[in-house]
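Report on one structure; see the data block that follows.
Numbering (the working numbering), first residue to last: 114 to 771.
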């Protein structure tokens, strides 16, 4: 996939019953007494909720989404087809996405008929998203959750046969047998409406969607887990020769728009918290009936400790797509999320929780009139952030080992052309994919320091200067005889600056990204050894969006050992002091053009240190990046673009840019 198509905005409604029963640890599902339902209240709610969806059609939303749940205050839609049929008559242009009836909890032929009927009634506007159904649905249904996945797949086979094979036909399965499978009417769209599979990240569900050529959507799981699933989905689809594009993935967000950020928080936050604390909440007993989850999935969930939802505002906004603010702010977040997931189809939850009708109408209207045009402009191909990355999607890393002074060292390479060497910081677990734009037209070389990643330990390295000596030998081994362009990040910046001091004939231009090594008493570098592993991600990036992009990993024994080994290597050179006393004086000897890049929200090496580097380097430019943290190239793609431009521009004088 090389780019995003025009964004599509789908308005979704849960249709909740907000008069919840308080103080129920198991939430508002399954065993909630139905005597709490007031039909007069329900009548009013149905009318308001349908009016809100119809308004979305009139205001220009591309699609409307309804879903299905049973025996719960969470949703008043035990049959999404009934609401969809009303929308087919009351709306004119928007797609109608049923998201959807669990096909294993009904007769598949009947669902094929009803969905085909909806497609014909709406003139071909139906889209179908099929969930397995939450675990809670199986408590109020006589079918065993232990066979849910098998029934689901057999039901999908029946539906596809009913829609695509001339009828009548015969079907003989493990759960269903049809003497005459004969769908009438057939769908309006040929061969059938667009199909998505809805899941929560279970590997077999992701693989199933990809192998069959269906789209995929993942709901109410943290963003990093979703991104991993999306990556797996595209990989599996490619192996099965199933084409994918930016419409193959659906993402969703909860949004409230207002004239100011303060107003948006005042009017919207409590309703979102109500949704998570009261409506979505359930317990593990109801959520995971016996047999519903694969054993391995349950084991991973338990081992990860992810059994309780963090319903603090900070917790929710860190791991879920939630935006409250002005039209500009909301539009920027949505454009970012679409680019991040490589998705052009986004579902918006604009009526959330116990939000009153008037407020939902205001939110829907503001979003349609103020946010949608801004997102379309932001995602115009001519100004997408992705355009900065040029054609890096066609480039990938290769790995090989070399021996330097008897030590095996792993080297990553990408691209072809003049060499550009990158020296990494004090960790390798975040990867280097964000540097691939540097390989456009260049031979990008990333050697892994001894004692880090897949490189062997070197007991002879006891100082940063030892690393600089090591890299002189590595340059010889790689036959880098002509002056090269050199980039160093953090610890790598410290190493790169020392290397350049003593090997200026080997460096053409030098770029240092938030480099370590200087002692600045007023703005000291953080002590990495005192930061607990679980707190590192929130210290190395500044924004919730960037934090969400950091891959979600469980601290397995293998990962703990790998991190411990890298911290041991770091301790050998930095435990006693995290600076070089002589570096400030040595920097004056660097004569090559130098670019210093820094994020103004760096929590590891404060941005104030940039001024100290600037004063000591003879030929320097300083570029600051607003809102970026220590993991600069990961959080600010424009920093990568600036470094790339620096290596191609002419001689620089002493100037500063922000």
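Glycine included, C-beta positions come from ideal geometry on N, C-alpha and C.
Check, Outcome
"Leaving out the 5 sequence neighbours to the left and right, which residues in its chain are closer than 6 Å to residue 367 when beta-carbon positions are compared?", "385, 435, 462 and 465"
"Please classify residue 250 as buried or exposed, where buried requires at least 16 other C-beta atoms within 10 Å of its C-beta.", "buried"
"Below 8 Å on the Cβ atoms is my guess for residue 686 versus residue 576; work out the distance and round it to an integer in Å.", "5 Å"
"Can you name the start and end residues of the beta strand (DSSP E) that residue 364 belongs to?", "362–370"
"Taking the alpha carbon of residue 139 as the reference point, which residue from 636, 397 and 591 has its own alpha carbon closest?", "397"
"Given a threshold of 16 other Cβ atoms within 10 Å of its Cβ, counted over all protein chains shown, does residue 400 qualify as buried or as exposed?", "buried"
"Return the CA-CA distance between residue 588 and residue 582, expressed in angstroms with no decimal places.", "10 Å"
"Please name the residue, chosen from 692, 627, 593 and 618, that lies closest to residue 640 on a Cα-to-Cα basis.", "692"
"Given residue 757, which residues of its chain have a CB within under 7 Å of its CB, disregarding the five upstream and five downstream residues?", "550 and 551"
"Taking the Cβ atom as the reference point for each residue, do residue 319 and residue 342 lie within a distance shorter than 7 Å?", "yes"
"Would you kindly work out how many angstroms separate the C-alpha atoms of residue 485 and residue 120, rounded to a whole number?", "9 Å"
"By alpha-carbon positions, which one of 350, 360 and 316 ends up nearest to residue 123?", "360"
"Is residue 353 helix, strand or coil when you go by DSSP?", "coil"
"Can you find the residues in the same chain that come closer than 6 Å, C-beta to C-beta, to residue 536, ignoring five residues on each side of it along the sequence?", "601, 605, 608 and 609"
"For residue 163, which residues in the same chain have their Cβ closer than 8 Å to its Cβ, ignoring the five residues on either side in sequence?", "196, 199, 200 and 203"
"Along the beta strand (DSSP E) that carries residue 625, what are the first and last residues, could you check?", "620–626"
"Is the distance from the Cβ of residue 627 to the Cβ of residue 603 below 7 Å?", "yes"
"Quick check for students: name the residue ranges of the beta strand (DSSP E) that lie wholly in the segment 634–705, counting only runs of 3 or more.", "none"
"Roughly how many angstroms lie between the CA atoms of residue 127 and residue 142, to the nearest whole one?", "14 Å"
"Where does residue 756 fall in DSSP's three states?", "helix"
"Tell me whether the beta-carbon of residue 273 lies closer than 7 Å to the beta-carbon of residue 242.", "no"
"Below 8 Å, can you find three or more Cβ-Cβ pairs linking the segment 527–534 to the segment 557–567?", "yes"
"Could you check where the alpha helix (DSSP H) with residue 463 kicks off and where it finishes?", "No alpha helix (DSSP H) holds residue 463; DSSP gives it neither H nor E."
"Taking the CB atoms as reference points, tell me whether residue 244 and residue 167 lie closer together than 7 Å.", "no"
"Taking the alpha carbon of residue 625 as the point to measure from, which residue in 170, 154, 735 and 287 has its own alpha carbon closest?", "735"
"Looking at the strands, I want to know which residues DSSP matches up with residue 242.", "212 and 309"
"Going by alpha carbons, who is nearest to residue 406 out of 697, 262 and 284?", "262"
"Of all the options 285, 257, 590 and 259, which has the alpha carbon lying nearest to the alpha carbon of residue 772?", "Absent from the structure is residue 772, since the part of the chain shown begins at 114 and ends at 771."
"Excluding the 5 residues flanking residue 500 on each side, which residues of the same chain have their C-beta closer than 6 Å to its C-beta?", "With a pLDDT of 32 at residue 500, under the threshold of 50, the modelled position of this residue cannot be trusted; read the value that follows with caution. Same-chain partners within the cutoff: there are none."
"Among the residues of its own chain, which have a CB less than 6 Å from the CB of residue 239, if the five just before and after it don't count?", "209, 231, 232 and 306"
"Which residue from 275, 228, 183 and 222 puts its Cα closest to that of residue 248?", "183"
"How close, in whole Å, do the beta carbons of residue 752 and residue 710 come, if the pair is a contact with beta carbons under 8 Å?", "5 Å"
"Among the residues of its own chain, which have a CB less than 8 Å from the CB of residue 150, if the five just before and after it don't count?", "130"
"By the three-class DSSP mapping on this structure, what secondary structure does residue 547 have?", "helix"
"Which residues in the same chain have their Cβ closer than 7 Å to the Cβ of residue 449, if we skip the five residues on either side of it in sequence?", "658"
"Considering only DSSP beta bridges, list what residue 176 is partnered with.", "123 and 208"
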